[in-house]
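The opening position of the sequence shown corresponds to residue 2 in my numbering, with each subsequent residue numbered one higher.
Here's the structure we're looking at; comments come further down.
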Amino acid sequence: MAPAAVEKMPNIETTSDNIDAVNILKALRAPKQSAFYGASEFDEAKDDEAKDDEAKDDEAKDDEAKDDEAKDDEAKDDEAKDNTLQTVAFNLKARNEFHSKTRARMGVWEAMEKLHGRVLPGHPGPQMAHLLQTSEVTRKDGKPRWMLLVGLIHAFDKLLFFYDAQGQWEVVGNTFPVGCAFDDRIIFGTKSFEKNKDANHPLYSTKFNIYSCGCSLDNVMLSWGHDEYYYHIVEDQSTIPAEGPANPLPPSTPGTVRVPTMSS
2 MAPAAVEKMP NIETTSDNID AVNILKALRA PKQSAFYGAS EFDEAKDDEA KDDEAKDDEA
62 KDDEAKDDEA KDDEAKDDEA KDNTLQTVAF NLKARNEFHS KTRARMGVWE AMEKLHGRVL
122 PGHPGPQMAH LLQTSEVTRK DGKPRWMLLV GLIHAFDKLL FFYDAQGQWE VVGNTFPVGC
182 AFDDRIIFGT KSFEKNKDAN HPLYSTKFNI YSCGCSLDNV MLSWGHDEYY YHIVEDQSTI
242 PAEGPANPLP PSTPGTVRVP TMSS
């Protein structure tokens with residue numbers, strides 16, 4: 002019997018190559034699918050949301066910077082007016098008006114309520130919260146009780162805004178001596194006083210003028226404003242209670258509210 006023909010078996014490597022080729026063709030023809038770890042629609046939406054939030058934050062920061070710049074400009078304008086209008090004549094008139102009439106009568110809490118919500122340049126935020134926080138920080142710091150009271154009432158000088166103030170420049174800003182030559186250490190320097198009528202006055206522009214060397218601050222007339230206004234209230238009109246017979250309210254208390262913004 003003749004031997005049967007033996008079928009030739011294909012090479013295993015060739016078979017493997019053919020299978021790979023078929024798989025590649027199938028992959029090319031199949032619709033594209035997102036990878037398991039690829040970006041999902043949810044991720045893309047979150048990325049877009051994050052970009053929007055970032056853009057809003059940048060816009061808010063720009064607006065805040067512009068707002069701060071506007072407030073700085075406003076404060077500078079007030080200081081410039083203050084340095085121009087604070088003359089001896091204005092100060093004598095302001096003090097005469099202060100002592101010649103009663104504007105209002107109120108307790109401490111009533112005064113705080115009147116100031117509540119009032120925001121002034123250089124004094125951001127509600128005044129009531131500021132006063133309470135100042136007094137509480139003073140208490141935690143172990144200061145004497147009279148100083149707690151000063152911390153609570155120190156911003157009452159802003160009440161001037163409601164009573165006869167000629168403008169915001171009179172309520173905020175720094176204080177300085179009047180009736181003598183203006184010192185270059187005052188905010189914005191002596192150049193800011195060029196339009197002040199007393200700057201070239203034959204008497205008021207001298208070093209000591211109406212004062213004498215070493216006369217003490219009690220005898221110096223400081224520019225009329227919020228600090229000086231409340232200094233006169235504390236010194237002349239208030240009945241601040243003493244801590245006790247053996248520990249009365251220090252005589253320096255009025256001065257404490259007089260000089261926080263003084264420059265000379």
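All residues carry an ideal CB built from backbone N, CA and C; glycine is no exception.
For residue i, the three-state DSSP class (helix, strand or coil)
i: Glu223; result: Inspection of the sequence shows that residue 223 is occupied by Leu rather than by Glu. The answer is strand: DSSP assigns Leu223 an E or B state.
i: Thr85; result: helix
i: Thr176; result: strand
i: Asp199; result: coil
i: Glu244; result: Its pLDDT being 46, under 50, Glu244 is placed unreliably in this model, and the coordinates cannot settle the point.
i: Thr15; result: helix
i: Met107; result: coil
i: His117; result: coil
i: Asn210; result: coil
i: Ser217; result: coil
i: Gln169; result: helix
i: Leu26; result: helix
i: Tyr205; result: coil
i: Thr102; result: Note on residue identity: the sequence assigns Lys, not Thr, to residue 102. Lys102 falls in the coil class under three-state DSSP.
i: Glu232; result: The amino acid at residue 232 is misidentified as Glu; the sequence shows Tyr. Helix.
N- and C-terminal bounds of the alpha helix (DSSP H) containing residue i
i: Arg186; result: That residue, Arg186, is in no alpha helix (DSSP H); it is neither H nor E in DSSP.
i: Glu137; result: 128 to 141
i: Ile154; result: 146 to 154
Nonlocal neighbours in the same chain, by C-beta distance under 6 Å from residue i, ignoring five residues either side
i: Ala156; result: Gln128, Leu132
i: Arg140; result: Leu149
i: Lys82; result: Trp170
i: Asn197; result: Thr85
i: Asp185; result: Thr191
i: Arg259; result: Asp228, Tyr232
i: Ser136; result: Leu149, Gly152, Leu153
i: Lys208; result: Ala182
i: Cys216; result: none
i: Leu161; result: Val172, His227, Tyr230
Outcome for residue i when other beta-carbon atoms lying within 10 angstroms are tallied against a minimum of 16
i: Ala112; result: buried
i: Glu229; result: buried
i: Ile154; result: buried
i: Lys159; result: buried
i: Tyr164; result: exposed
i: Ala95; result: buried
i: Gln87; result: buried
i: Leu116; result: buried
i: Ala166; result: buried
i: Val172; result: buried
i: Leu223; result: buried
i: Trp147; result: buried
i: Asp21; result: exposed
Proximity test, Cβ basis, 8 Å: residue i and chain D
i: Ala182; result: No chain D is part of this structure, which consists of one protein chain only.
Other residues of its chain near residue i: CB distance less than 8 Å, five sequence neighbours each side excluded
i: Glu80; result: Trp170, Gly174, Asn175, Ile188, Phe189, Ser193
i: Phe91; result: Trp225
i: Thr16; result: none
i: Asn210; result: Gly180, Cys181, Ala182, Leu204
Close Cβ partners of residue i (< 7 Å) along its chain, the five nearest in sequence each way excluded
i: Val89; result: Val179, Gly180, Asp199, Tyr205
i: His233; result: Phe99
Check: residue i C-beta below 7 Å from any heavy atom of the ligand SAH
i: Asp54; result: For the ligand SAH, the structure offers nothing, since it holds no ligand at all.
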